[in-house]
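S.K.: What follows is a single structure, and I will ask about it in a moment.
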Amino acid sequence: MKVRIRFAKRGIMKFVGHLDLVRYFQKAFRRAEIDMQYSGGFSPHQLMSFAAPLGVGLVSEGEYMDIFVNELMPSKIMLNKINHEMAEGIEILSCKQIIDETKHSNAMSIVTAADYYVAFSDEMLLCFNDFIDQEMILVMKKSKKSEKQVNIKPMIHQIDLRKDKIYMLLDTGSASNLKPELVMEAFFDYCQTEKNIPLMIQRLDMYAENSDSEAQSELISLDDLGIEMV
Amino acid sequence: MNKLALSNDILLNIDKPARYIGNEVNVAKKDPKKVDIRFALCFPDVYEIGMSYLGIQILYDMFNRRDDVFCERVYSPWIDLDAILREKHIPLFALESQDPIKEFDFLGITIQYEMCYTNILQILDLSQIPLLTADRSENDPIVIGGGPCVYNPEPLADFFDIFYIGEGETVYNQLLDAYKEHKHKGKDRQSFLEEAASIPGLYVPRFYEVAYNDDGTLKAFTKTNKFAEDKIKRQVVEDLNQVTYPERPLVPFIKVTQDRVVLEIQRGCIRGCRFCQAGMVYRPNRERDIEYLKEYAIKMLTATGHEEISLSSLSSSDYSELETLTNFLLDEAKSKHVNISLPSLRIDSFSLAVMSKVQDIRKSSLTFAPEAGSQRLRNVINKGLTQEDILGGVEQAFNGGWNRVKLYFMLGLPGESEADIEEIAGLSNEIAALYYTIPKENRPGSGRAEIITSTSFFVPKPFTPFQWVRQNRNEEFLDKQRFLNQKIKAQLNRKSIKYNWHDAWLTGLEGVMARGDRRIGKVILDAYKSGCIYDSWTEHFKYDLWLAAFEKNEINPLFYTDRERSLEELLPWDFIDAGVTKEFLIDELKKSKEALTTPNCRLKCSDCGCISYQGGVCYES
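Each protein sequence line maps, in turn, to chains A and B. No gaps in the numbering here: position 206 of the first sequence is 284 in the numbering used here, and each next residue is one more. No gaps in the numbering here: position 173 of the second sequence is 361 in the numbering used here, and each next residue is one more.
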């Protein structure tokens, strides 16, 4: 049975990288005595997959992973059991069942966007509007083999100022992926500001395309695709 | 949320920042203001290595069980952070509270290998604690050293306030109680060190002075303070079932070398291999009760969530209830998806059966440590492993599905001849040949035997029967290595044998540290000041700087290695009573010269002296 877990990564836990976080959860589920499903073979591993890795240095209120368990339990109980085993800075926010157990429903394959807050300083304000009003926002994107110039503007769903933060909603996932760090790099380039301003970036949530054509929004939070276990 | 000693900016610009943030699962959390004693435990190497060491986990747990102590950890900052701390004058900090080490009451450093000595100075330096015990004042932490290297602490005598000689579970509580009383009464450092010196097993180097003969050998070792003892007796736990063991070990975020539950099944070894310091200084062999081990295995797996449990001891096969324990763990493993790792096992039908259950035969290899190529030389070192044992074990292994065998040998053992070295090649060849006697269609693996032969260089260690012998010069080691390589290349089955060899330059230095005296302290200090740290990491080892440090202090390193000592010579570590008597060591040395073996402790007591400890194998029957 498939369960989607939403969790927060806060404070100093931002220095723990993605692969270490995977190992951390494997051990945490064992401590919490969650009846996980395992793969076969000589070195069986727990069946779990993460929506989209978060870079080192970023915090988040909307991280997701899907796990397979042998037995369901009420969401509340499961949440408490796992939270009991968490290090300070990681908190489970919800556990919900995903009825569709095929790959097509995996958080990893359906995630299409994520939104972020970037802490913001006054000097950035000056050229913000000019920056987002550009016809094209060109950045150098490095791949393993080459560097190429890419227009990232179509990958930005939304970007605006909110009080003391920049809000941005960006393409995320295997089809098209844009990191908030890259947007900020382009911004600093454009404004010709020093690049080494330490950035406080917080991921807020991750989304899939909403298949419900009646809905107002094109996007739906990954959390809303699961159902509460009672 | 915890504060951090390092800024965001620094942490995001160094490798593996999670090394420095603490906050691991099962970490100790206390209010530093509400304790009497703050203790920083240090393993002077990078986090991944230090976190893998059982001894710190034991002491960390033991200290933190006391309400009046907050014990924290510190490891060597990696090269990248080292540079930043120096540049920005940020004092080195403990992981839990992130407070500077210099504000602590104690800095306890475990000294596991000789090549970490410059890292000890790095820790002191970055902590902004004076490097020399003589320069420390009332506000500096008490710097205390323990671990296997303190069986000759003399090269480090200038840098430590106290050395703790023996097992941590024995007199630490006494020391901490004494410290607490001193602190409350407002007494000074000197009087505390005097009290420490009167606790059994504790050595305060500043209370002794050393004189030398014209030929450079030790003339006298004299105490200069009335509270100091003439002899320091190694402290030993009589009954390992009566001491604490961590129920909730720390679980690191980053992958460390030992990413598993470690269950220490026994301490000490009955075998008495003559080259092995651990086999001598951890005597007598003491087993933990099987019920104790079962209970802790379950508790630790539950509290950590680790996927693997490893049995730790010098020779697991000698644990008397190994079969019961292994079967218990195998049952647990099935239901909980736990792997079992069984290092230092004798290869026989039992261990092969166990191993085929716990590992993928196709991917794993079997390890033998004959240490010497010929039976004669194995008798010299009292390695009770015969040609028949090895070949018999290998044959069973090949029939059981393995095709990869690892063999470990030492070069430079006392009394070694070219013929002995050549036999390493011969034995490797014979093992490979055994594989090809199996009919083609039944051969396991790829159809080819994979024999991996590795050699290391022998370094004589204090409190072994070989503490007097000459160590080979680096050039001799390299010549022997080349010679062996040629011989392996000349074997019929050479294509099935892979020979692993390595650099000898570290070995010479290790030998100096192992049997050096107090004069070596200046060399270590100069080497450190000229830029040596992480010497055990080949890519950071700077041999030239070490040579320059020896030259500057007019010390010839060969005096400590390339010289046979007379049995009458006063040795720098003679003030330690390690349990094994000098008479026993001399007796063993003589027997080794005649290639005579000594039976293991369970077969017959050889009167080594450790019966004085009132426990373990000496009292079994």
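Ideal Cβ positions, reconstructed from N, Cα and C, are used throughout, including at glycine.
Could you spell out where the beta strand (DSSP E) holding Arg281 (chain A) opens and where it closes?
M.R.: Its beta strand (DSSP E) spans residues Ile279 to Glu287.
S.K.: Could you name the residues of the same chain whose beta carbon sits closer than 6 Å to that of Ala206 (chain B), not counting the 5 residues immediately before and after it, in chain order?
M.R.: Cβ neighbours of Ala206 (chain B) beyond the five flanking positions: Phe441 and Ile442.
S.K.: Show which residues of chain A have a CB atom less than 7 Å away from the CB atom of His525 (chain B).
M.R.: Within chain A, the residues near His525 (chain B) are Tyr116 and Pro122.
S.K.: Does DSSP put Thr555 (chain B) in a helix, a strand or coil?
M.R.: Here Thr555 (chain B) sits in strand by DSSP.
S.K.: For chain B, is any of its Cβ atoms less than 8 Å away from the one on Phe266 (chain A)?
M.R.: By this cut-off, Phe266 (chain A) is not an interface position.
S.K.: Using the beta-carbon count (16 or more within 10 Å), is Glu756 (chain B) buried or exposed?
M.R.: With fewer than 16 other Cβ atoms within 10 Å, it is exposed.
S.K.: Against chain B, with Cβ distances strictly below 8 Å, would Arg109 (chain A) count as a contact?
M.R.: Chain B contact via Cβ: present.
S.K.: Assuming contact is defined by CB atoms lying nearer than 8 Å, are Asp723 (chain B) and Met250 (chain B) in contact in what I supplied?
M.R.: Cβ distance not < 8 Å, so Asp723 (chain B) and Met250 (chain B) don't count as in contact.
S.K.: From the DSSP output, which residues share a beta bridge with Glu397 (chain B)?
M.R.: Note: Glu397 (chain B) sits in a beta bridge opposite B:Thr410.
S.K.: If you draw a straight line from the C-alpha of Ile168 (chain A) to the C-alpha of Phe85 (chain A), how long is it?
M.R.: About 7 Å.
S.K.: Going along the chain, which residues of its own chain have a beta-carbon closer than 6 Å to the beta-carbon of Leu199 (chain B), five neighbours each way excluded?
M.R.: Closer than 6 Å at the Cβ level, and outside the excluded window around Leu199 (chain B), lie Pro205.
S.K.: Counting only Cβ pairs nearer than 7 Å, list the residues of chain A close to His494 (chain B).
M.R.: Near His494 (chain B) (Cβ distances below 7 Å), the residues of chain A are Lys105.
S.K.: Does any CB atom of chain A fall closer than 8 Å to the CB of Phe281 (chain B)?
M.R.: Output row for Phe281 (chain B): interface = no.
S.K.: So Ser498 (chain B) is in the beta strand (DSSP E); what residue range does that whole segment cover?
M.R.: Ser498 (chain B) -> beta strand (DSSP E) spans Glu496 to Ser500.
S.K.: Could you check the C-alpha separation between Pro434 (chain B) and Leu451 (chain B) for me, to the nearest Å?
M.R.: Spanning the two alpha carbons is a distance of roughly 10 Å.
S.K.: Within the same chain, show all residues whose beta-carbon is closer than 6 Å to that of Ile708 (chain B), passing over the 5 residues directly before and after it, in chain order.
M.R.: Counting only Cβ-Cβ distances below 6 Å, and skipping sequence neighbours, we find Pro343.
S.K.: Using the three-state DSSP reduction, which class does Met189 (chain B) fall into: helix, strand or coil?
M.R.: Bear in mind that a pLDDT of 48 at Met189 (chain B), under 50, signals an unreliable position, so the number given afterwards is only what the model happens to contain. Three-state result, Met189 (chain B): coil.
S.K.: Please report the distance separating the alpha-carbon of Leu277 (chain A) from that of Val196 (chain A).
M.R.: Going from the Cα of Leu277 (chain A) to the Cα of Val196 (chain A) covers about 7 Å.
S.K.: Is Gly354 (chain B) closer than 8 Å to Asp423 (chain B) when the C-beta atoms are compared?
M.R.: In the sequence as presented, Asp is not what sits at residue 423 (chain B); that position holds Gln. A contact, by the Cβ cut-off of 8 Å.
S.K.: Any C-beta of chain A sitting closer than 8 Å to the C-beta of Glu212 (chain B)?
M.R.: Cβ-Cβ to chain A under 8 Å: yes for Glu212 (chain B).
S.K.: Pull up the CB-CB distance for Met246 (chain A) and Val261 (chain A), whole angstroms please, since I reckon it's below 8 Å.
M.R.: So it is a contact: roughly 6 Å between Cβ atoms.
S.K.: Kindly list, in the order they appear in chain B, the residues whose Cβ is closer than 7 Å to that of Val196 (chain A).
M.R.: Those do not exist, as Val196 (chain A) stays about 14 Å from chain B at its closest Cβ, beyond 7 Å.
S.K.: How would you label Met218 (chain A), buried or exposed, when you count the other beta carbons within 10 angstroms and need 16 or more for buried?
M.R.: With fewer than 16 Cβ atoms within 10 Å of its Cβ, Met218 (chain A) is classed as exposed.
S.K.: Compute the Euclidean distance between the alpha carbons of Asn515 (chain B) and Tyr480 (chain B), then round it to the nearest angstrom.
M.R.: Cα to Cα, Asn515 (chain B) sits roughly 15 Å from Tyr480 (chain B).
S.K.: Is the number of C-beta pairs between the region 770–778 of chain B and the region 558–565 of chain B that are closer than 8 Å three or more?
M.R.: No contact exists between the region 770–778 of chain B and the region 558–565 of chain B.
S.K.: Here's the rule I'm using: 16 or more other beta-carbon atoms within 10 Å means buried, otherwise exposed. How should Asn401 (chain B) be labelled?
M.R.: Burial call: exposed.
S.K.: If I measure Cβ to Cβ from Met307 (chain A) and keep anything under 8 Å in the same chain, skipping five residues before and after, which residues do I get?
M.R.: Answer for Met307 (chain A): Val81, Leu150, Met151, Pro152, Ser153, Met156, Cys173, Lys174 and Gln175, listed in chain order.
S.K.: What residues of chain B sit near Arg101 (chain A), judged by a beta carbon separation below 9 Å?
M.R.: In chain order: Phe441, Ile442, Lys443 and Asp447.
S.K.: Any C-beta of chain A sitting closer than 8 Å to the C-beta of Thr512 (chain B)?
M.R.: Thr512 (chain B) does not count as touching chain A.
S.K.: Would you call Met239 (chain B) buried or exposed, if buried means 16 or more other Cβ atoms sit within 10 Å of its Cβ?
M.R.: That one is buried.
S.K.: Taking only three categories from DSSP, how would you classify His235 (chain A)?
M.R.: His235 (chain A) falls in the strand class under three-state DSSP.
S.K.: What residues in the region 571–598 of chain B bring their beta carbon closer than 8 Å to a beta carbon of chain A?
M.R.: Listed by position, the residues of the region 571–598 of chain B near chain A (Cβ gap below 8 Å) amount to none.
S.K.: Residues in its own chain within less than 7 Å of Arg462 (chain B) by CB, not counting five upstream and five downstream?
M.R.: Excluding residues within five positions, the ones whose Cβ falls inside 7 Å are Ile569, Asn570, Thr652, Pro653, Phe654, Glu776 and Ser780.
S.K.: For Arg84 (chain A), which beta-bridge partners are listed by DSSP?
M.R.: Per DSSP, A:Tyr142 and A:Ser172.
S.K.: Whose C-beta lies closer than 8 Å to the C-beta of Asp691 (chain B) among residues of the same chain, with five residues either side of it excluded?
M.R.: Excluding sequence neighbours, Asp691 (chain B) sits near Thr726.
S.K.: By the criterion of Cβ-Cβ separation under 9 Å, what are the contact partners of Ala491 (chain B) in chain A?
M.R.: Per Cβ cutoff of 9 Å: Arg109.
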